[in-house]
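Asker: Letter by letter, the sequence shown follows residues 5 to 353 of the working numbering. Glycine is no exception: its CB is placed at the ideal position from the N, C-alpha and C atoms. Since we're looking at a predicted model, the values are computed, not measured.
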Amino acid sequence: MPKDISAEITSLKQRFGSRLCIMGHHYQHDMVVQHCDITGDSLELARRVAQVQAEHIVFCGVWFMGESAALLAGHNQRVYLPNPDADCLMSRMTPARLVRTVLEQLAAAGHPAIPLAYVNTDVELKAVVGEYGGAVCTSANARTMLRWALGQGERVLFLPDRHLGDNTATQLGIDPEERHVLRVGARGLVQPETQALNRRLLLWPGCCAIHARFSPDDVAAARATHPGCRIVAHPECREEVIAACDAAGSTAFLIKEAERLAAETPGCTLVVGTENNLVNRLAARHAKQCRIVPLGHAICGNMAKVTEKRLWQTLTALDCGTAIPVTVDENVQKPARLALTRMLAACGQ
Ligand code: SF4
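Spelled out as structure tokens, the structure:
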């Protein structure tokens, strides 16, 4: 291993030139982010993959992000993940076969649903969603996409994050009586005859453990510790947490909110409920104007599996011709891409 990994990565990047593009999610550590040509949230990165010309895309993020990038990449491009073991646990809460069973059960019961899947899902699930007339969404466009999905049929099945689904429904003014969190077992719906399957919005019982750990008590404690502070959080947090905050929105919203406050109310305190790598970066970026603190401890252990050393190893393997690109089963490519491109089309991209 070289003594100075950073310098070695810089040198490898120079060698590849425009043939290489390193993309990174906002939840990545600064040591990784410093090497990224493009950083963004899931929506921004999905958009940018389709525009990138480089033949090698090294994607610093979790598995589903690499898969989505491979789906959107051109025929001459290859996508590499520095650590294929970095997985989003929420993305494993919707096994494709189980979701297909549930969609069939709903149709058989006379309550067919249009599936709307958060981008944090694997490619097999995206393929089922595409096949059943649905689309993908991100936290940045969940409102637009839920409105779109409700326009496609009588009801929507939102997967896998029940909190994002619920918070988005609240933003759209959908009555809680019009929503139902499904009870799902290993073989499909549990006692479907006792469930309110006729409601407009059916929510899959999944969540992000990193964001779901915040509680209303954390919000109350932050207000007590930082009188007059503003508190914002990501909509993967629980409904009661979002209700106690001053505002909620996607990663892009949280970044803009920090910029806005730093410019408009210097000296203020902003409390941010999301993954701490992003919060710490915002705190450092705006340290001269305002104070930015995390709502609580929230580090995604899987995002953290992508390290500077892993990035260097990937670039070295790429240089030697031994790097293994992300591949997507041919049978699922078309419907999965359809689910993603429906999102990009519905959002005017
Ligand atoms: S923060 Fe949550 S949603 Fe994001 S990658 Fe980690 S587990 Fe998945």
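#1: If you measure from each residue's Cβ to the nearest non-hydrogen atom of ligand 1, which ones come out under 7 Å, in chain order?
#2: Give the DSSP bridge partners of Gly-189, in chain order.
#3: Okay, do the segment 196-213 and the segment 151-169 touch, 3+ Cβ pairs below 8 Å being the bar?
#4: Tell me the residue span of the alpha helix (DSSP H) that contains Phe-218.
#5: Counting only runs of 4+ residues fully inside the segment 59-88, write out the alpha helix (DSSP H) ranges in chain order.
#6: What span of residues does the alpha helix (DSSP H) with Thr-142 cover, start to end?
#7: Taking only the alpha-carbon atoms, compute the straight-line gap between Leu-344 and Arg-101 and give it to the nearest angstrom.
#8: Name the residue from Gly-177, Ser-46, Arg-151 and Arg-159 whose alpha carbon lies nearest to the alpha carbon of His-184.
#9: Roughly how many angstroms separate the alpha carbons of Ala-113 and Ala-321, rounded to a whole number?
#10: Taking C-beta to C-beta, are Leu-120 and Gly-134 nearer than 8 Å?
#11: Are Asn-306 and Ala-50 touching if we call contact CB-CB under 8 Å?
#12: Does the Cβ of His-39 have 16 or more other Cβ atoms within 10 Å, making it buried, or fewer, making it exposed?
#13: Which same chain residues end up closer than 7 Å to Leu-342 when comparing Cβ atoms and leaving out the 5 residues on each side of it in sequence?
#14: Taking all protein chains shown into account, decide if Pro-372 is buried (16 or more other Cβ within 10 angstroms of its Cβ) or exposed.
#15: Name, in chain order, the residues that DSSP records as bridge partners for Ile-214.
#16: Just the Cα atoms here: how many angstroms apart are Ala-291 and Leu-186?
#17: Per DSSP, what kind of secondary structure is His-167 in: helix, strand or coil?
#18: Distance check for Thr-269 and Cys-233, CA to CA, integer angstroms please.
#19: Would you please state the rounded distance, in angstroms, between the beta carbons of Leu-265 and Val-276? I believe it to be under 8 Å.
#20: Do you know offhand how far Met-5's Cα is from Arg-82's?
#21: Grab me the residues of Asn-281's own chain with a C-beta within less than 6 Å of its C-beta, minus the 5 sequence neighbours each way, in chain order.
#22: Work out the CA separation of Ser-15 and Val-245 for me, nearest whole Å.
#23: Does DSSP classify Cys-249 as helix, strand or coil?
#24: For Asp-45, does the count of other Cβ atoms within 10 angstroms reach 16, so buried, or fall short, so exposed?
#25: Measuring alpha carbon to alpha carbon, tell me which of Pro-231, Leu-315 and Glu-334 ends up nearest Ile-9.
#26: Counting only the same chain and skipping the five closest in sequence on each side, list residues whose C-beta sits under 7 Å from that of Asn-171.
#27: Run through the DSSP bridge pairs and tell me what Ala-121 is partnered with.
#28: Under 8 Å between the Cβ atoms of Cys-249 and Ile-235?
#29: Can you grab the Cα-Cα spacing for the pair Gly-354 / Glu-48, in whole Å?
#30: What do you get for Cys-304, buried or exposed, if any count of 16 or more other CB atoms within 10 angstroms of its CB means buried?
#31: Could you tell me which of Leu-93, Asn-284, Val-310 and Gly-157 sits nearest to His-301, measuring between CA atoms?
#32: Taking C-beta to C-beta, are Glu-59 and Arg-19 nearer than 8 Å?
#33: Mapping DSSP to helix, strand and coil, what is Thr-14?
Answerer: Working from what's here:
#1: Taking each Cβ in turn, the ones that pass are Tyr-31, Val-66, Cys-92, Leu-93, Met-94, Ser-95, Asn-124, Cys-212, Ala-213, Ile-214, His-215, Glu-240, Glu-279, Cys-304, Asn-306 and Met-307.
#2: Here residue 189 corresponds to residue number 185 of the sequence shown, with the count starting at 1. In the DSSP output, where bridge partners are listed per residue, Gly-189 has Gly-192.
#3: Yes, the segment 196-213 touches the segment 151-169.
#4: Translated into the one-based positions of the sequence shown, residue 218 becomes position 214. Unbroken run through Phe-218: none, as it is neither H nor E.
#5: DSSP runs (the alpha helix (DSSP H)) wholly in the segment 59-88: 67-76.
#6: Position 138 of the sequence shown, counted from the first residue, corresponds to residue 142. Segment: none, Thr-142 is in no alpha helix (DSSP H) and carries neither H nor E.
#7: Residue numbering aside, residue 344 sits at position 340 when the sequence shown is read from its first letter. Residue numbering aside, residue 101 sits at position 97 when the sequence shown is read from its first letter. Approximately 19 Å, taken between the alpha carbons.
#8: Numbered from 1 along the sequence shown, position 180 holds the residue referred to as residue 184. The residue with the shortest Cα to Cα distance from His-184 is Arg-159.
#9: Here residue 113 is taken as the residue at index 109 of the sequence shown, counted from 1. Here residue 321 is taken as the residue at index 317 of the sequence shown, counted from 1. Taking the straight line from one Cα to the other gives about 52 Å.
#10: Locating residue 120 in the sequence shown gives position 116, where the first residue counts as 1. Locating residue 134 in the sequence shown gives position 130, where the first residue counts as 1. The answer is no: Cβ separation not under 8 Å.
#11: By 1-based counting over the sequence shown, the position of residue 306 is 302. By 1-based counting over the sequence shown, the position of residue 50 is 46. 8 Å or more divides the Cβ of Asn-306 from the Cβ of Ala-50.
#12: In the sequence shown, counting from the first residue as 1, residue 39 sits at position 35. Of the residues assessed, His-39 falls on the buried side of the cut-off, its CB having 16 or more other CB atoms within 10 angstroms.
#13: Along the sequence shown, read from residue 1 onward, the residue named residue 342 stands at position 338. Excluding the 5 residues flanking it on each side, Leu-342 has same chain C-beta neighbours closer than 7 Å at Gly-134, in chain order.
#14: Summary: the structure shown does not reach residue 372, with the chain confined to residues 5 through 353, and so no result is reported for it.
#15: Numbered from its first residue, the sequence shown carries residue 214 at position 210. Bridge partners of Ile-214 according to DSSP: none are assigned.
#16: For the purposes of this step, residue 291 is identified with residue 287 of the sequence shown, where counting begins at 1. For the purposes of this step, residue 186 is identified with residue 182 of the sequence shown, where counting begins at 1. The alpha-carbon atoms of Ala-291 and Leu-186 are separated by roughly 44 Å.
#17: For the purposes of this step, residue 167 is identified with residue 163 of the sequence shown, where counting begins at 1. In this structure, His-167 counts as helix in the three-state DSSP scheme.
#18: Translated into positions along the sequence shown, residue 233 becomes position 229. Translated into positions along the sequence shown, residue 269 becomes position 265. Each residue's alpha carbon lies about 11 Å from the other.
#19: For the purposes of this step, residue 265 is taken as the residue at position 261 of the sequence shown. For the purposes of this step, residue 276 is taken as the residue at position 272 of the sequence shown. Separation of the CB atoms of Leu-265 and Val-276 is rounded to 10 Å, and the pair is thereby denied contact status at 8 Å.
#20: On the sequence shown, position 1 is the one that residue 5 refers to. On the sequence shown, position 78 is the one that residue 82 refers to. In a straight line, the C-alpha of Met-5 is about 25 Å away from that of Arg-82.
#21: Here residue 281 is taken as the residue at index 277 of the sequence shown, counted from 1. Answer for Asn-281: Tyr-31 and His-33, listed in chain order.
#22: Indexing the sequence shown from 1 puts residue 245 at position 241. Indexing the sequence shown from 1 puts residue 15 at position 11. Approximately 45 Å between the Cα atoms of the pair.
#23: Along the sequence shown, one-based indexing puts residue 249 at 245. Reduced to three states, the DSSP call for Cys-249 is coil.
#24: In the sequence shown, the residue the question calls residue 45 occupies position 41. That one is buried.
#25: Reading the sequence shown from its first residue, position 5 is the one you call residue 9. Selected option, being the one with the closest Cα: Leu-315.
#26: Counting from 1 along the sequence shown, the entry for residue 171 is found at position 167. For Asn-171, where only same-chain residues beyond five positions count, the Cβ hits under 7 Å are Pro-239, Glu-243, Ile-246 and Ala-252.
#27: Looking up residue 121 in the sequence shown gives position 117. Val-140 and Leu-163.
#28: Residue mapping note: residue 249 aligns to position 245 of the sequence shown, counting from 1. Residue mapping note: residue 235 aligns to position 231 of the sequence shown, counting from 1. Going by C-beta atoms, Cys-249 is nearer than 8 Å to Ile-235.
#29: For residue 354 there is no data in the structure shown, the boundaries of the chain being 5 and 353.
#30: To locate residue 304, count along the sequence shown from 1; it is residue 300. With a threshold of 16 other beta carbon atoms within 10 Å, Cys-304 meets it and is buried.
#31: Taking the first residue of the sequence shown as position 1, residue 301 is located at position 297. The shortest Cα separation from His-301 among Leu-93, Asn-284, Val-310 and Gly-157 belongs to Asn-284.
#32: Locating residue 59 in the sequence shown gives position 55, counting from the first residue. Locating residue 19 in the sequence shown gives position 15, counting from the first residue. In this structure, Arg-19 does not lie closer than 8 Å to Glu-59 by Cβ.
#33: The residue labelled residue 14 in the question sits at position 10 within the sequence shown. Helix.
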